[in-house]
Every structure is written in C-alpha cells, then in structure tokens.
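Residue numbers (our numbering): 2 to 249.
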C-alpha cells in the first residue's frame, strides 16, 4: 500500500511542475497549493496512548508491555502518540500537559492493576491527590476549586460487551483509586475542560500480564500480554470506527 503522504506530495509536484516550466504560476499560488496538499496527508485520527513505567516490586508494567505488544501491528488508520509516564505526580504532570497541548483527537491512558482478574474500564476520576500508603486519611485535592469528579464520555459499556464477546474478561469500574491512575484521568479531563478542547478521555486498568506473574512466585490473577494487546486493539478499532475524520 502506497504511503499517503508520499503519494500526496508526488501528486503536488507533478501538478505544479507543468506550471513552473512555463513560468506562469506565482510562487504564492504554489505555496497555497502545497499547504492544501500537505493537509490532505493528515487524515488519520490522532490517539494519545499512554502507559506507566515499572514501580514497587514489579520490574515490568503490564500497561507498557501491552503498548509495546500493540505496536507490533499498530492500526493503520490511527496516528498513535505513545508515551511512558513516570510513577510520580510531580514528574508526570508537566509531561501529560505537554502531550495534551498537542491536541490529539482522543486520549487513552493504560494502567496496571495488580490482583484484578478483568480489564477495568474506568468511568469516574476524582479530584483527590493520594498515595498508596495514605489509605484511610483525608486527602487533598488535585486541583483547588476544581470539579469534584469527571465522568468519561467513552462508550465504556459497549467496550465491555465487545471485549467479553471476544472472550476477554472486562467490566466498567466506578473507582480508579486515589493515586496516579486516577490523577492522570482527572488531570486530562480537567485540562480539556479548562481549555475547551472537547476530546474524549478514557482510562483502562489492566490486570498483570501472565508473563509478570510467572516470574514473581506469587499467585495473582493475570492475562497474557497478547490478550491485553488484543483488547486495546479492539477498543481502538471501535473508537476509530465511531470517530469523525479530522477536519482539514
């Protein structure tokens, strides 16, 4: 299959050469045509797809393992902006904001949920800044005077049904925790709200990969990384099928 960008540029040069040779097309008109042809190459949906680095006892993170596996056969109709975020709010926040400022068409965050037996499609993000060792304590807000919570507009119920029908355990979750996964989801929604950038944001908690558990000497629920990647591919394909094409 021909590269659409190369094809577009070739078409432009073939079209413009016939005029340049006769010295009858002003450079301003040529520049206008070039901008128009270059815009035509931007027809794919841009999806910001993120994961996290390893933390605590885990030398790998199932979210990053899944992203890497997915990229072995990335969707051709999507422009994936992939990122691996640090496990720390202070380091994560400026990188997240910088990525959102690129104004992708959709955002999908992936996170690891040790002990989970199914993929969890998170519906709610809370304005709570917590740590894993602060359970039971009153926690400060992520954003002073920010909304109490944001709810994802992604079709989570449809995705859960789609995954289950494909033999992959999945459900809609209404609590993404109070640590970094929740913070990433909340801050993404908050940035879109404040900047009036109406894009859909989703957060997906993944079980541990079977490959992780096999080397841990622990008995924990898991799914093979190939299955996790297939789940995310199904979700992205559904997202692309229901998303309008980017405007030129």
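For every residue, glycine included, the Cβ atom is placed at its ideal position computed from N, Cα and C.
Tell me whether residue i sits in a helix, a strand or coil according to DSSP, three-state version.
| i | result |
| --- | --- |
| residue 174 | strand |
| residue 158 | helix |
| residue 110 | strand |
| residue 219 | coil |
| residue 250 | Shown here, the chain extends from 2 to 249; a query on residue 250 therefore has no answer. |
| residue 86 | strand |
| residue 73 | helix |
| residue 51 | strand |
| residue 150 | strand |
Roughly how far, in whole angstroms, is the beta-carbon of residue i from the beta-carbon of residue j, given that I think they are within contact range, below 8 Å?
| i | j | result |
| --- | --- | --- |
| residue 235 | residue 157 | Contact flag wrong, Cβ pair sits at about 13 Å. |
| residue 78 | residue 241 | 5 Å |
Report buried or exposed for residue i, applying the criterion of at least 16 other Cβ atoms within 10 angstroms of its Cβ.
| i | result |
| --- | --- |
| residue 63 | buried |
| residue 168 | exposed |
| residue 208 | buried |
| residue 243 | exposed |
| residue 231 | buried |
| residue 196 | exposed |
| residue 183 | buried |
Check each candidate in the options and name the one with the smallest Cα separation from residue i.
| i | options | result |
| --- | --- | --- |
| residue 193 | 97, 61, 86 | 97 |
| residue 118 | 243, 195, 224, 219 | 224 |
| residue 142 | 175, 153, 130 | 130 |
| residue 116 | 228, 221, 217 | 221 |
| residue 139 | 160, 238, 161, 179 | 179 |
| residue 100 | 83, 111, 61 | 83 |
| residue 175 | 152, 191, 65 | 152 |
| residue 201 | 76, 93, 154 | 154 |
| residue 233 | 160, 173, 216, 128 | 160 |
| residue 204 | 172, 211, 166 | 172 |
Quiz prompt | Inter-stretch contact at 8 Å, needing at least 3 Cβ pairs: the region 117 to 125 / the region 63 to 71 | solution = no
Quiz item: Are at least three pairs of beta-carbons, each pair with one atom in the region 47 to 54 and one in the region 93 to 107, less than 8 Å apart?
Solution: yes
Quiz item: At a cut of 8 Å, does the region 185 to 204 reach the region 136 to 152 through at least three beta carbon pairs?
Solution: yes
Quiz item: Does the region 52 to 61 come close enough to the region 83 to 96 to have 3 or more Cβ pairs within less than 8 Å?
Solution: yes
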